[in-house]
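Chains as they are written, first to last, in the working numbering: chain A, 1 to 144; chain B, 145 to 618. One structure below.
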Amino acid sequence: MQGACDRPIFSMRVLAAKILLACALCAPMAAHAAPAFTDPGPVTSDSGQVAVAWTGGDEVLLTLTKDGEAARDIYRGSGDTLFLSGLAEGDYRLDLTGADGAQAQPLVVEVRHQSLTQALLLAAIGAIVFLLTVGAILRGARDD
Amino acid sequence: MTESKVFLDPTVGWILLAAFSALWIGLGIYWGRRNKSFEDHALAGRNVGLALGTATAAATWITSNTTMLAPQFALQLGIWGMLAYSTAAFGLMLFAPMAKRIRQLMPNGYTSGDFFRLRYGRVAWAIFLVFTLFYSLTWLVSMAMAGGILLEALAGIDYVWGMSVILGVCVIYTMRGGLTAVIGTDFIQSLVIIVGIAVTGFAVLQNVSVAEIHANLTATKPALLDVLFPAAIMAIFNNLLFGLGEVFHNNVWWSRAFAFRDSVASKAFLLGGLVWLPIPVAAGFIALASGALGVAVPSADMVGPLVVAEVLGTMGAVAIFIVVFCSLASSIDSLLAATSDLVTEDIWRRLMHPQASVETLKKAAQWITLGLGLLTWLVCLPRIGTLATVLFFAGPLVGSMIWPIVAGLYWRRANTAGAVGAMVLGAGVGLFCYFAIGWYVATLIATAVSMIWVLGATALGKSRFDWTVLKEDA
Numbered sequence: 001m002q003g004a005c006d007r008p009i010f011s012m013r014v015l016a017a018k019i020l021l022a023c024a025l026c027a028p029m030a031a032h033a034a035p036a037f038t039d040p041g042p043v044t045s046d047s048g049q050v051a052v053a054w055t056g057g058d059e060v061l062l063t064l065t066k067d068g069e070a071a072r073d074i075y076r077g078s079g080d081t082l083f084l085s086g087l088a089e090g091d092y093r094l095d096l097t098g099a100d101g102a103q104a105q106p107l108v109v110e111v112r113h114q115s116l117t118q119a120l121l122l123a124a125i126g127a128i129v130f131l132l133t134v135g136a137i138l139r140g141a142r143d144d
Numbered sequence: 145m146t147e148s149k150v151f152l153d154p155t156v157g158w159i160l161l162a163a164f165s166a167l168w169i170g171l172g173i174y175w176g177r178r179n180k181s182f183e184d185h186a187l188a189g190r191n192v193g194l195a196l197g198t199a200t201a202a203a204t205w206i207t208s209n210t211t212m213l214a215p216q217f218a219l220q221l222g223i224w225g226m227l228a229y230s231t232a233a234f235g236l237m238l239f240a241p242m243a244k245r246i247r248q249l250m251p252n253g254y255t256s257g258d259f260f261r262l263r264y265g266r267v268a269w270a271i272f273l274v275f276t277l278f279y280s281l282t283w284l285v286s287m288a289m290a291g292g293i294l295l296e297a298l299a300g301i302d303y304v305w306g307m308s309v310i311l312g313v314c315v316i317y318t319m320r321g322g323l324t325a326v327i328g329t330d331f332i333q334s335l336v337i338i339v340g341i342a343v344t345g346f347a348v349l350q351n352v353s354v355a356e357i358h359a360n361l362t363a364t365k366p367a368l369l370d371v372l373f374p375a376a377i378m379a380i381f382n383n384l385l386f387g388l389g390e391v392f393h394n395n396v397w398w399s400r401a402f403a404f405r406d407s408v409a410s411k412a413f414l415l416g417g418l419v420w421l422p423i424p425v426a427a428g429f430i431a432l433a434s435g436a437l438g439v440a441v442p443s444a445d446m447v448g449p450l451v452v453a454e455v456l457g458t459m460g461a462v463a464i465f466i467v468v469f470c471s472l473a474s475s476i477d478s479l480l481a482a483t484s485d486l487v488t489e490d491i492w493r494r495l496m497h498p499q500a501s502v503e504t505l506k507k508a509a510q511w512i513t514l515g516l517g518l519l520t521w522l523v524c525l526p527r528i529g530t531l532a533t534v535l536f537f538a539g540p541l542v543g544s545m546i547w548p549i550v551a552g553l554y555w556r557r558a559n560t561a562g563a564v565g566a567m568v569l570g571a572g573v574g575l576f577c578y579f580a581i582g583w584y585v586a587t588l589i590a591t592a593v594s595m596i597w598v599l600g601a602t603a604l605g606k607s608r609f610d611w612t613v614l615k616e617d618a
């Protein structure tokens, strides 16, 4: 019976030790979880604007690199979202770095603006409709 | 909306909310004492002068969208976006000559529904009522929801409480004071809004120069300065025509045309448009300065409050709270008054109680205002975020009504087939394009289709409308 009792007691001790060890190992990871973008991407935009969100990391540094250009810091702080706009056509890479140096998988952003021809055509139609409306109002009921 | 950021202490927020609520309700009751009939209640006795007329036109058009969405437009679409938003002023300016014509043709008119019923008959009237009630109710719901969300974001006031207070206050003073109270409070609200935005603009310029803003935009947001920015170019006329459609058809503006004195109707709308024109530009400029000021923007709709809080601190937070509260109230009260008058005149009176006395009509209008407020409150209560976006579907609906109204006011040959076909086809094609292509073409296409149909039907039409039909007795 003793032997029969010893084994479970030993196993319980080992199990408890393993749990403690696991907790000890996991605790720092929970406090400084590696940052990661919510949307792993690639993100495409036809208007030059992107809403970026991320998780993990109390203090992060976000850098933006356009293909062929130098990286520039665009955010440093404890937030978890950032709205970018006015991006010119091209391919971009967003890098997210935590306070402990841990880096997220980079986020690729592709900006391909809408067709300028289509935009100008729509603007021309809009201008015609608007001018005819103004003309009808200003001309009034002259002949009626 | 990022709601975790609170700019103002909730106690200060509640004190401001209570003070302004008491002011609006007190003024509403005071101004409403002289209202005896439906005409006094709904149209302020048809005796509104130039100063009040100009102020109410400008203030009603300054919604929370103007103070919050104009900066967002500038941040997303740059200089063109800022100008695109300000083109909504053309709606008021072009309504100026129309208001004069409306007063001439319909000296006894009450609502825009009266025009459709008398000019085009019951089918066109029914379509108009569906379109305009959809637009008005979604606008009302979106404003009340925006009120709750903004007060929570700015001062940590619970959404349900904030939404309920702002809606309740507007319902009380609109019920008691009618259009007189709405126009009177609009006058004060417009002054507060204009001063608030002007002070903020100058404060921004004290912190950063135009050259620095330009340099920052060139380096970090070049598309915002690009003259050939496709998304922004497409937004210009779509937004312009949306604004025209909103003003031309809605009873908010028609009721004012009927309420203003004969000699001032036209001038008041023109001046109101000119007063309104620079406001989106000033509000948009604040957003363009965000980068140069080092303000990180977590979501586009928070750029205005963030920049104001950055440059003005606590005073800025108080200012933005007051400006937002005033702009919300000035739009909600106008919508409540105009929509309840439309329901009272076009549905309750014309369809159900044609013999109702003027006193009974006034009471009915007050109860309908209360009912409308309760309905709005119930719809807003669950805080369905996507509900506000329904307002964008209204673009094709309002765009399709521009030409039936313009042609109906000026051309005898404009006819029912033209008006009905223009509204149904224009709205249908516009909505299809909304989903098939994008929001930026919906209103434009709807207006273009509607215009072509009206022009064709008018050219082919043989009938000649008798203008005296519009002079129906009150």
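Heads up, the beta-carbon is just placed ideally off N, CA and C, and yes, glycines get one too.
Between the segment 341-352 of chain B and the segment 491-509 of chain B there are fewer than three inter-stretch CB-CB distances shorter than 8 angstroms, so the stretches are not counted as touching. In the structure shown, the three-state DSSP call for A:W54 is strand. The shortest CA-to-CA distance from B:A243 to any of B:V156, B:R400 and B:A375 is the one to B:R400.
Per DSSP, the continuous beta strand (DSSP E) segment holding A:Y75 begins and ends at R72 to G77. Cβ proximity to chain A below 9 angstroms picks out L361, A363, T364, K365, P366, A367, L368, L369 and D370 from the segment 353-370 of chain B. Following the DSSP letters along the chain, one finds A:D95 inside the beta strand (DSSP E) bounded by residues G90 to G98.
The criterion of a C-beta distance shorter than 8 angstroms is satisfied by B:C314 and B:I476. Assigned with DSSP and collapsed to three states, B:K411 falls in helix. Residues of the same chain with a CB within less than 7 angstroms of the CB of B:F536, apart from the 5 flanking positions on each side, are W583 in chain order. Here the alpha carbon of B:T255 sits roughly 29 angstroms from the alpha carbon of A:G126. Going by beta carbons, B:Y279 and B:L541 fall inside the 8 angstroms limit. B:S353: not part of any alpha helix (DSSP H); DSSP gives it neither H nor E. Interface residue (Cβ-Cβ distance to chain B less than 8 angstroms): A:G79 is classified as such.
Taking 8 angstroms as the cut-off, the Cβ atoms of A:A123 and B:M378 count as close. The CB of B:F331 never comes closer than 9 angstroms to any CB in chain A; the least such distance is about 27 angstroms.
The alpha carbon of A:K66 has as its nearest neighbour, out of A:F83, A:L121 and A:I74, the alpha carbon of A:I74. For B:T198, the enclosing alpha helix (DSSP H) covers residues L194 to W205.
Look at the segment 427-445 of chain B: the residues with a C-beta under 8 angstroms from a C-beta of chain A are A440, V441, P442, S443 and A444. Cα atoms of B:L335 and A:P106: separation of roughly 49 angstroms, rounded to the nearest angstrom.
When secondary structure is reduced to three states using DSSP, B:F164 falls in the helix class. No Cβ of chain A is located within less than 8 angstroms of the beta carbon of B:F404.
Between A:T63 and chain B, the shortest Cβ-Cβ separation is not below 8 angstroms. Bounds of the alpha helix (DSSP H) holding B:T602 are W583 to L604. Separation of A:F83 and B:Q216 (C-alpha to C-alpha, rounded to the nearest whole angstrom) is 11 angstroms.
A Cβ-Cβ distance of about 7 angstroms is found for the pair A:P42 and A:V109, placing them in contact under the 8 angstroms criterion. For the pair of segments examined, the segment 485-503 of chain B was found to touch the segment 177-189 of chain B: the number of CB pairs separated by less than 8 angstroms reaches three. The C-beta of A:G140 comes closer than 8 angstroms to at least one C-beta of chain B. Boundaries of the alpha helix (DSSP H) harbouring B:L456: V447 to L486, taken from the DSSP string. If you draw a straight line from the Cα of B:E390 to the Cα of B:I206, it comes to about 13 angstroms. At least 8 angstroms separates the CB of B:Y229 from every CB of chain A. Listed along chain B are P374, A375 and M378, each with a C-beta nearer than 8 angstroms to that of A:Q114. With distances taken between CA atoms, A:L64 lies nearest to A:Y92 out of A:V134, A:L121 and A:Y92. Here the alpha carbons of B:V304 and B:A603 stand approximately 54 angstroms from one another. In summary, B:S484 is buried, with 16 or more beta-carbon neighbours lying within 10 Å of its beta-carbon over all protein chains present. B:F392 sits away from B:M237, with the two beta carbons spaced by 8 angstroms or more. One finds T133, A136 and I137 in chain A with Cβ atoms closer than 8 angstroms to the Cβ of B:V550, taken in chain order.
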